[in-house]
Amino acid sequence: PPVLPVSSLSNHLQVSTQRLMRDLTRLGFKNVSPSYLLTFEYSSLIAEEYGYRVHTDSTSVASPQKPKSSQANAPLRPPVVTLMGHVDHGKTTLLDALRKSSVAASEHGGITQKIGAFTVPFDKGSKSITFLDTPGHMAFEAMRKRGANIADIVVLVVAGDDGVKPQTVEAIKHIQSADAPVIIAITKCDRPGLQPRKVIEQLMNYGIQAEEFGGDTQVVSVSGKTGSGVDELEAAILTLAEILEVRSSPKDQLEGWVVESCVAKGVGSLATIVVKQGTLSSGNFLIAGNSWGKVRSLLDVNNKRVKQVIPGQAAQVLGWKELPKAGDHVFQVKNESAAKEVLADIARRNGAQELYQLAESHNKQLEEQR
Ligand code: GDP
Ligand code: MG
């Protein structure tokens, strides 16, 4: 059977051989030396052990306890919304219509940048909604991995002339497994002969009960093309956000998500971050996935420099050492050395997970041979 010397395992886990030997001894291994051979089963167990410990270490930094009591009196923040649905059912067209209403409503009035998120203000900015201009499944991938919600509300887009399709069903599964609040947008309502009622009936078969049938899911007919129903959709989102009490204090510990990233010419690594909690400020030290950075500048959707980003809003962040990825969790650390320490922990955890997977696939092969 395959074996691994302690020295190789320590390399793989990115811990010192000394530390690994000490831990092995503590776990009950006798006469441990750098050349001591470990079976793959043991290697993977140990890897898991490291992964687990490192994981708890870094989550104590990554996900601070939400102060529940302060959360209750915290101000409402803009809900973060993502669109999901079958291909060609009108997500992009509807987002463009929503974006137009954002341009029309903002004082700036110019062309907004496509930066992965945009905010539509209402009532002179006293309320707003932030839409993620990213494939909805991306947000869900990240949610599944981290067990957290990038989006507060999902708009499930169903074309009125096509009805529930395979990717609609796929989206419903995601929504239900994440327990995400949902609003149904029946699109292309400018087309003749649509039967929204049929769509509503189809959705019932998948456990989505429309309000007008005694359920609690709002259904709105819209047209991305003519813009009809867009106001109603926005109103439905704001109503649901109020019911859900989407709140966050700007004073909470920072938490956010990368929704898009790129290397911009002459500017460097740029990541669009949606802030879910706390305040993002210039000069902050951030961790995102496997990268860290000191926020050099913050740019809003109009490419205008801003000093701070409050919960429920998104901005482009400059100052990364390496380019973070869409779906990366963002949190704040004290300073550069803390950032490096946390990243070393994360690297170790990734190393441990890699080895664990290796060991698992190896064991599977062994089983098959038997
Ligand atoms: P996506 O794949 O869900 O992003 O769908 P798109 O927004 O790209 O739309 C797919 C096609 O449907 C395009 O040809 C759009 O012009 C058309 N479409 C989208 N929304 C509407 C709508 O509200 N009314 C009509 N008549 N056509 C639409
Ligand atoms: Mg599209």
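Using full-length UniProt numbering, the letters of the sequence shown map in sequence onto residues 92 to 461.
A virtual CB, placed ideally from N, CA and C, is assigned to each residue, including glycine.
Legend entry - Beta-carbon spacing of Gln109, Ala435 below 9 Å: Counted from its first residue, the sequence shown places residue 109 at position 18. Counted from its first residue, the sequence shown places residue 435 at position 344. Contact flag unset, no.
Legend entry - Nearest-angstrom Cα separation, counted from Glu413 out to Ser98: As a working note, residue 98 is residue 7 in the sequence shown. As a working note, residue 413 is residue 322 in the sequence shown. Cα-Cα distance, rounded: 30 Å.
Inset, instruction - Determine, using beta-carbon pairs with one atom in the stretch 298–313 and one in the stretch 338–346, whether at least three such pairs fall under 8 Å. - result: no
Inset, instruction - Could you tell me if Gly369 is buried or exposed, where buried requires 16 or more neighbouring beta carbons within 10 angstroms of its beta carbon? - result: As a position in the sequence shown, residue 369 is number 278, starting the count at 1. Buried, because 16 or more other Cβ atoms sit within 10 Å of the Cβ of Gly369.
Inset, instruction - Go ahead and pull the three-state DSSP assignment for Ile275. - result: As a position in the sequence shown, residue 275 is number 184, starting the count at 1. Note: Ile275 maps to strand in three-state DSSP.
Inset, instruction - Report yes if the C-beta distance between Ile244 and Val311 is below 9 Å; otherwise report no. - result: The residue given as residue 244 occupies position 153 in the sequence shown. The residue given as residue 311 occupies position 220 in the sequence shown. Not in contact: Ile244 and Val311 (Cβ atoms no closer than 9 Å).
Inset, instruction - Have a look at Leu100 and Lys425 and give me their C-alpha separation to the nearest angstrom. - result: Sequence index remark: in the sequence shown, residue 100 carries index 9 (1-based). Sequence index remark: in the sequence shown, residue 425 carries index 334 (1-based). Cα to Cα, the separation comes out at about 31 Å.
Legend entry - Check: Ser340 C-beta below 8 Å from any heavy atom of the ligand GDP: Here residue 340 refers to the residue found at position 249 of the sequence shown. Ser340: no, Cβ never under 8 Å from the ligand GDP.
Inset, instruction - Have a look at the DSSP bridge pairing and note the partners of Lys385. - result: The sequence position of residue 385 within the sequence shown is 294, counting from 1. Its beta-bridge partners are Phe376.
Legend entry - Ile301 (DSSP reduced to helix, strand or coil): Along the sequence shown, one-based indexing puts residue 301 at 210. It should be noted that the sequence gives Ala, not Ile, for residue 301. Strand at Ala301.
Inset, instruction - May I ask you to check if the CB of Gly176 is nearer than 8 Å to at least one heavy atom of the ligand GDP? - result: Within the sequence shown, residue 176 is the residue found at index 85, counting from 1. It does: the Cβ of Gly176 is within 8 Å (strictly closer) of some heavy atom of the ligand GDP.
Inset, instruction - Taking only the alpha-carbon atoms, compute the straight-line gap between Ala406 and Gln399 and give it to the nearest angstrom. - result: Taking the sequence shown and counting its residues from 1, the one referred to as residue 406 is at position 315. Taking the sequence shown and counting its residues from 1, the one referred to as residue 399 is at position 308. Whole-angstrom Cα-Cα distance: 9 Å.
Inset, instruction - May I ask you to check if the CB of Thr183 is nearer than 8 Å to at least one heavy atom of the ligand MG? - result: Here the question's residue 183 lines up with position 92 in the sequence shown. Checking every heavy atom of the ligand MG against the Cβ of Thr183, one is found closer than 8 Å.
Inset, instruction - Compute every distance between the C-beta of Arg396 and the non-hydrogen atoms of the ligand GDP, then say whether any falls below 8 Å. - result: Taking the first residue of the sequence shown as 1, we reach residue 396 at position 305. Because no heavy atom of the ligand GDP lies under 8 Å away, the Cβ of Arg396 does not count as near it: no.
Legend entry - the stretch 258–272 contacting the stretch 348–360, beta-carbon criterion three pairs below 8 Å: no
Legend entry - Close-in-space but distant-in-sequence residues of the same chain around Asp307 (CB under 6 Å, 5 per side omitted): On the sequence shown, residue 307 is found 216 positions in, with the first residue counted as 1. Closer than 6 Å at the Cβ level, and outside the excluded window around Asp307, lies no residue.
Inset, instruction - Give a single yes or no on whether Val248 has its beta carbon closer than 8 Å to a heavy atom of the ligand GDP. - result: Counting from 1 along the sequence shown, the entry for residue 248 is found at position 157. Flag set: Cβ of Val248 near the ligand GDP.
Legend entry - Every unbroken beta strand (DSSP E) within the stretch 287–345, with a cutoff of 3 residues, ordered by chain: 310–312
Inset, instruction - Mind reading off the beta-carbon distance from Gln293 to Val178? Whole number of angstroms is fine, and I expect it under 8 Å. - result: Translated into the one-based positions of the sequence shown, residue 293 becomes position 202. Translated into the one-based positions of the sequence shown, residue 178 becomes position 87. Their Cβ separation, rounded to whole angstroms, is 17 Å, which puts Gln293 and Val178 out of contact at 8 Å.
Legend entry - Euclidean distance between Cα positions of Ser107 and Pro96: One-based indexing of the sequence shown puts residue 107 at position 16. One-based indexing of the sequence shown puts residue 96 at position 5. Roughly 13 Å between the two C-alpha positions.
Inset, instruction - Report, in whole angstroms, the separation of the C-beta atoms of Ala417 and Val365, which I expect to be a contact under 8 Å. - result: Reading the sequence shown from its first residue, position 326 is the one you call residue 417. Reading the sequence shown from its first residue, position 274 is the one you call residue 365. Wrong, their Cβ atoms sit about 11 Å apart, outside the cutoff.
Inset, instruction - Would you mind sorting Val260 into buried or exposed? The rule is 16 or more other CB atoms within 10 Å of its CB. - result: Walking along the sequence shown from the start, residue 260 turns up at place 169. Result: exposed.
Inset, instruction - Measure how close the beta-carbons of Leu371 and Ser388 come, nearest whole angstrom, since I'm counting them as under 8 Å. - result: Walking along the sequence shown from the start, residue 371 turns up at place 280. Walking along the sequence shown from the start, residue 388 turns up at place 297. Contact doesn't hold; Cβ gap of about 12 Å is too wide.
Legend entry - Closest by C-alpha distance to Gln309, when choosing among Asn296, Leu329 and Thr317: The residue labelled residue 309 in the question sits at position 218 within the sequence shown. It is Leu329 whose Cα lies nearest to the Cα of Gln309.
Inset, instruction - Would you kindly work out how many angstroms separate the C-alpha atoms of Lys279 and Lys289, rounded to a whole number? - result: As a first step, residue 279 must be located in the sequence shown, where it is residue number 188. As a first step, residue 289 must be located in the sequence shown, where it is residue number 198. Their backbone Cα atoms lie some 14 Å apart in a straight line.
Legend entry - Candidates Val273, Leu174, Ala250 and Ala326, of which the one nearest Thr225 by Cα: To locate residue 225, count along the sequence shown from 1; it is residue 134. Closest option to Thr225, Cα to Cα, is Leu174.
Legend entry - Val313: CB within 8 Å of a non-hydrogen atom of the ligand GDP: Here residue 313 refers to the residue found at position 222 when the sequence shown is read from its first residue. For the ligand GDP, at least one heavy atom lies less than 8 Å from the Cβ of Val313.
Legend entry - beta-carbon His265 near the ligand GDP non-hydrogen atom, thresh 8 Å: The residue you call residue 265 lines up with position 174 of the sequence shown. Every heavy atom of the ligand GDP is 8 Å or more from the Cβ of His265, so no.
Inset, instruction - Note down the Cα distance separating Gly315 from Gly216, rounded to an integer number of angstroms. - result: Along the sequence shown, one-based indexing puts residue 315 at 224. Along the sequence shown, one-based indexing puts residue 216 at 125. Their Cα atoms are separated by approximately 23 Å.
Legend entry - Reduced DSSP category for Arg110 - H, G, I as helix; E, B as strand; rest coil: Position 19 of the sequence shown, counted from the start, is the residue given in the question as residue 110. Residue state, collapsed to three classes: helix.
Inset, instruction - Run the proximity test for Asp270: is its beta-carbon closer than 8 Å to any non-hydrogen atom belonging to the ligand GDP? - result: As a working mapping, residue 270 is identified with position 179 in the sequence shown. Outside the cutoff, so no.
Legend entry - Test item: CB-CB of Ile275 and Ile241 under 9 Å: As a first step, residue 275 must be located in the sequence shown, where it is residue number 184. As a first step, residue 241 must be located in the sequence shown, where it is residue number 150. Not closer than 9 Å, so no.
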